[in-house]
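In our numbering, the protein residues as written are 1 to 110. A short write-up of the structure that comes next.
Pasting the structure below:
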């Protein structure tokens, strides 16, 4: 009669117990919501800033803008690999969750 060892069963039970107890342990560092992220240091603009420094909020509005593109396409989905998507669809249709500050390298605001 061979003994397969109760130690392996005991080890499995210990691993399950440690796994269950680790879910009950409070997390040490929680993520705080922030208004922007920067690669080096803190973002330069405070939370709730009205506009970027290089933007003129009183600029004249209205008019017509026509943009031309050379080439052809066979898909309006820029996220697929097969086919050629229309130029500019990704930039003008899909909106990013973060905006890049053009005067501050490696900083994003949300």
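Each residue gets a CB set at the ideal place from its N, CA and C atoms; glycine is no exception.
Who are the Cβ neighbours of residue 52 in its own chain at under 8 Å, not counting the five residues just before and after it?
45, 101, 102 and 103
In this structure, how does DSSP classify residue 90 when only helix, strand and coil are distinguished?
helix
Mind reading off the beta-carbon distance from residue 38 to residue 107? Whole number of angstroms is fine, and I expect it under 8 Å.
4 Å
When the Cα of residue 69 is compared with those of 89, 11 and 36, which residue comes out closest?
89
Helix, strand or coil: which one does DSSP assign to residue 15?
helix
So, using beta-carbon positions, are residue 97 and residue 110 closer together than 8 Å?
With respect to residue 110, residue 97 sits close: the two C-beta atoms are nearer than 8 Å.
With a 10 Å radius around its C-beta and 16 neighbouring C-beta atoms as the bar for buried, classify residue 36 as buried or exposed.
buried
Given this structure, state the Cα-to-Cα distance separating residue 94 from residue 87, to the nearest angstrom.
13 Å
Where residue 72 falls: helix, strand or coil (DSSP)
coil
At what residues does the beta strand (DSSP E) containing residue 36 begin and finish?
36-38
Who are the near neighbours of residue 57 in its chain, counting only those whose CB is closer than 8 Å to its CB and skipping five residues on each side?
Within the same chain, residue 57 has close Cβ partners 50 and 51.
Please report the distance separating the alpha-carbon of residue 79 from that of residue 85.
Cα to Cα, residue 79 sits roughly 8 Å from residue 85.
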